[in-house]
Amino acid sequence: MPITIKKGDEIAAMRVAGRLASEVLDFITPMVIPGVTTGELDRLCHDYMVDVQGTIPAPLHYAPPGYPPYPKSICTSINQQICHGIPGERVLKDGDIVNLDITVIKDGFHGDTSRTFLVGDVSIAARHLTEVTFECMWLGIDQVRPGARVGDIGAVIQRHAHANGYSVVHEYCGHGIGREFHEDPQIMHFGTAGTGVSFVPGMIFTIEPMINAGRRHVRQLGDGWTIVTRDRSLSAQWEHTVLVTETGHEVLTVSAGARPRPSSLPGKP
Ligand code: MF3
Ligand code: CO
Ligand code: CO
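In this text, residue positions in the sequence shown follow this note's numbering: the first is 1105, and each later residue adds one.
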């Protein structure tokens, strides 16, 4: 899948898709509490997307080469699950962290965003991992402007994760997005500044770092989708879809409930 450069109408459609994806997370936030099952969260999000928004849940039946068709409408990844957790009978309990990853299709264009939620009373260690991962995403977003490169994003994310004693997942990365769910370029969350694809206005891609409290290595469960940390350490993730503009960037997956960039983060006025 080549890199696509989006023009006026396509950018407008991607803005709508991005906002709608973020609004699904706003909608589901009050329901992410101890006692709910991930299957219930999936059903609520599915019905909101289809019946209220008129969007298509992109994960449902998504089947890239080498994968069985994904059976649900959202991804729910709990604790040591890194990504692609399949909703089901599992009950969220006090102290869990859970990433909800939403991708909608509206008028043929995709919006992709995820947040990590704290369920009830969460340990300081899990809260810290979740916060640092959020900062990693924003430090990556800060890099995006014409002429910057993919490696600039990876370098700042990796540096911040390592400075906090965490590791960066290598096997899964951000991606171009548009009419296709996963387009080029791949946006690695590690690497070397000044290397890789250069950004030009009209490129749209996700930044979605997966940060582990322990070692970076991953294992896939027998369901063919769920990815967990090999050492069973906790993992967190946040994701935004970002447009390269003439002067910098615009985050497309924004809505009333989206958490803003932390003002305490260095690097921006
Ligand atoms: N939303 C995920 C991403 O950020 C991809 C999920 S694929 C699925 O790229 F099939 F598991 F939903
Ligand atoms: Co994505
Ligand atoms: Co996603």
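Where is the CB? At the ideal position from N, CA and C, for every residue including glycine.
Around the C-beta of PRO1161, 16 or more other C-beta atoms lie within 10 Å, and the residue is accordingly described as buried.
Straight-line measurement puts the Cα of VAL1301 at about 30 angstroms from the Cα of SER1368. With a threshold of 7 angstroms, the Cβ atom of ASP1146 does not count as near ligand 1, since no heavy atom of the ligand is closer than that. Ranked by how close their Cα comes to the Cα of THR1351, the residues CYS1277, GLY1282, ASP1246 and GLN1185 have ASP1246 in first place. When secondary structure is reduced to three states using DSSP, ASP1216 falls in the strand class.
Secondary structure at HIS1344: strand, using DSSP grouped into helix, strand and coil. Just measuring C-alpha positions, the residue of HIS1286, GLY1295 and PRO1173 sitting nearest HIS1165 is PRO1173. DSSP places GLY1189 in no beta strand (DSSP E); its state is neither H nor E. Under DSSP, the beta-bridge partners assigned to VAL1272 are ILE1315.
Of the heavy atoms belonging to ligand 3, none sits nearer than 7 angstroms to the Cβ of THR1234. Judged by DSSP secondary structure, LEU1204 falls within the beta strand (DSSP E) whose first and last residues are 1201 to 1210.
When the beta-carbon positions are compared, ILE1315 and ALA1297 stay at least 8 angstroms from each other.
Secondary structure note for ILE1291: it is in no alpha helix (DSSP H), and the uninterrupted beta strand (DSSP E) holding it is 1287 to 1291.
Of the residues VAL1304, GLN1324, VAL1346 and ILE1107, the one whose Cα lies closest to the Cα of ARG1336 is GLN1324. The residues ASN1316, ARG1319 and ARG1320, in chain order, have a CB closer than 6 angstroms to that of SER1271 in the same chain once the five nearest residues on each side in sequence are set aside. Assignment of GLU1284 by DSSP, reduced to helix, strand and coil, places it in the coil class.
When DSSP assignments are scanned along the stretch 1138 to 1177, the uninterrupted stretches of alpha helix (DSSP H) that are 4 or more residues long and fall wholly within it turn out to be 1142 to 1151. With 16 or more neighbouring CB atoms inside 10 Å of its own CB, HIS1188 falls in the buried class.
With contacts defined by Cβ atoms closer than 8 angstroms, GLY1282 and GLU1312 do not form a contacting pair.
Distance between GLY1212 and THR1159, taken at the CA atoms: about 10 angstroms. Apart from the 5 residues on each side of it in sequence, PRO1168 sits with its Cβ closer than 8 angstroms to the Cβ of HIS1286 in its chain, given in chain order. In the DSSP assignment, ILE1331 falls outside any alpha helix (DSSP H) and lies within the beta strand (DSSP E) extending over 1331 to 1333.
ASP1288 is positioned such that its CB atom lies closer than 8 angstroms to that of GLY1280. For the options TRP1242, VAL1208, LYS1176 and PHE1221, the alpha carbon positioned closest to that of MET1135 is the one of PHE1221.
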